[in-house]
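Asks:
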Amino acid sequence: MAERNAPLILLVEDDRDINLANRCALELEGYRVVSATTLALGERLASEMRPDLVLLDVLLPDGNALDAGRRMADVYGCSILYLSCLSDADDVIAGLRSGGDDYLAKPYMMEELLLRVEAVLRRRPHHAGETRERTATGRLAWRQAALAVTLDGEVLPLSPREYAVLTYLRDNADRYVAPAELAREVWLAEDEGRAEGSVHNAVSALRSKLVGSGCAIERVRGLGHRLAASE
């Protein structure tokens, strides 16, 4: 398990196999890692969590990754390491001019990726991950940098998946979220149907842990789950 003051890395990669492999390798090195498979989710996580480093795939289907990388660097203070199958000199230059601290062409050796990550982080004067709290419904507060949720100042005993589910429901509290969406966005599951059992277990555990918090996870058959205020 990564230490709470370990650098926080955001991985934005739509290839689920690469996403999982990179995440596992980074976690084994002791980094804290959050991941996204879309640019939209990646930008939202960057704005909320202020990661030290973003590993950003250049060819994401839902937007311009170079523009997003520049925003993450300029607005949120993230270091950016672009990952791309585009390896021409012009592509590398474009990435470095778009807020990139480094640019690594695919395919790459995992050892090279880890060394480049270490080098980029070494150039940062300090980690961006100072603890910040964002109050949600009821008496819950998010300690973003520690990936923790507190109830009246006490840390709730959440697993990483439970934290991710609760945070995703908080961020989408204006609508019901289908189990298939949670399986896709939180579990990064290719077979959403097979992962829905795990989603159900996580939601059930969260319901028990949220008793008395002023929050509850509502469920409407056919629509999904929603985080809402409770009595």
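Using my numbering, you'd call the opening residue of the sequence shown number 1401 and step up by one each time. Beta carbons: idealized from backbone N, C-alpha and C, even for Gly.
1. Between which two residues does the alpha helix (DSSP H) carrying Tyr1563 extend?
2. Could you say which of Pro1507, Gly1500, Tyr1508 and Ala1505 lies nearest to Leu1521 if we only look at CA atoms?
3. Which stretch, first to last residue, makes up the alpha helix (DSSP H) that contains Ala1505?
4. Looking at Leu1460 and Val1517, is the spacing between their C-beta atoms short of 8 Å?
5. For Met1510, count neighbouring Cβ atoms within 10 angstroms of its own Cβ and tell me buried if that reaches 16, exposed if not.
6. Evaluate contact between the segment 1436 to 1450 and the segment 1484 to 1502, counting only Cβ atoms and requiring at least three cross-stretch pairs below 8 Å.
7. Please state the DSSP three-state secondary structure of Asp1415.
8. Would you mind stating whether Tyr1476 and Arg1497 have Cβ atoms separated by less than 8 Å?
9. For Leu1466, which residues in the same chain have their Cβ closer than 6 Å to its Cβ, ignoring the five residues on either side in sequence?
10. Could you tell me the alpha carbon to alpha carbon distance between Asn1601 and Pro1579, rounded to whole angstroms?
11. Less than 8 Å between the C-beta atoms of Thr1437 and Glu1403, yes or no?
12. Looking only at its own chain, which residues have a Cβ that is under 6 Å from the Cβ of Glu1618, when we skip the five neighbours before and after it?
13. Work out the CA separation of Leu1453 and Pro1407 for me, nearest whole Å.
14. Who does Glu1554 pair with in a DSSP beta bridge?
15. Measure the CB-CB distance between Asn1422 and Leu1455 and report whether it falls below 8 Å.
16. Can you tell me where the beta strand (DSSP E) with Glu1618 in it begins and where it stops?
17. Quick check on Ala1628: does DSSP put it in helix, strand or coil?
18. So Arg1516 is in the alpha helix (DSSP H); what residue range does that whole segment cover?
19. Looking only at C-alpha atoms, which of Glu1554, Asp1415 and Leu1623 sits nearest to Pro1507?
20. Taking DSSP as the reference, what is the three-state secondary structure of Tyr1482?
21. Per DSSP, Val1599 forms a beta bridge with which residues?
22. Take Thr1535 and list the residues in its own chain whose beta-carbon comes closer than 7 Å to its own, dropping the five residues that flank it on each side.
23. Do you know whose CA, among Leu1551, Leu1513 and Pro1557, lies nearest Cys1424's CA?
24. Could you tell me the boundaries of the beta strand (DSSP E) in which Arg1450 lies?
25. Going by beta carbon distance, what residues of the same chain come within less than 7 Å of Ala1605, once the five residues before and after it are set aside?
Replies: In short:
1. Start and end: Pro1560 to Asp1571.
2. Of all alpha-carbon atoms in Pro1507, Gly1500, Tyr1508 and Ala1505, the one lying nearest the alpha-carbon of Leu1521 is that of Gly1500.
3. Where Ala1505 is concerned, there is no enclosing alpha helix (DSSP H), although the beta strand (DSSP E) it sits in stretches over Asp1502 to Ala1505.
4. Cβ distance not < 8 Å, so Val1517 and Leu1460 don't count as in contact.
5. Label assigned to Met1510: exposed.
6. Here the segment 1436 to 1450 does not lie against the segment 1484 to 1502, with fewer than 3 beta-carbon pairs under 8 Å apart.
7. The answer is coil: DSSP assigns Asp1415 none of H, G, I, E or B.
8. The answer is no: Cβ separation not under 8 Å.
9. Excluding positions up to five away in sequence, the list reads Ser1498.
10. When rounded, the distance between both Cα atoms is 11 Å.
11. It is not a contact, given that the beta carbons lie outside the stated cut-off.
12. Answer for Glu1618: Arg1626 and Ala1628, listed in chain order.
13. In a straight line, the C-alpha of Pro1407 is about 8 Å away from that of Leu1453.
14. Paired residue(s): Leu1551.
15. Yes, the pair counts as a contact, with Cβ atoms nearer than the cut-off.
16. Run containing Glu1618: Cys1615 to Val1620, per the beta strand (DSSP E) assignment.
17. It is a strand residue.
18. Arg1516 -> alpha helix (DSSP H) spans Met1510 to Arg1522.
19. Proximity to Pro1507 across Glu1554, Asp1415 and Leu1623 peaks at Asp1415, based on C-alpha coordinates.
20. Tyr1482 sits in a strand when the DSSP states are folded into three classes.
21. According to DSSP, Val1599 bridges with nothing at all.
22. Only weak support is given to the placement of Thr1535: the predicted model assigns it a pLDDT of 43, under 50, and the value that follows is read from those uncertain coordinates. Answer for Thr1535: Ala1541, listed in chain order.
23. Closest by C-alpha distance to Cys1424, out of Leu1551, Leu1513 and Pro1557, is Leu1513.
24. Counted as a single uninterrupted DSSP element, the stretch harbouring Arg1450 is not any beta strand (DSSP E), since DSSP gives it neither H nor E.
25. Glu1562, listed in sequence order.
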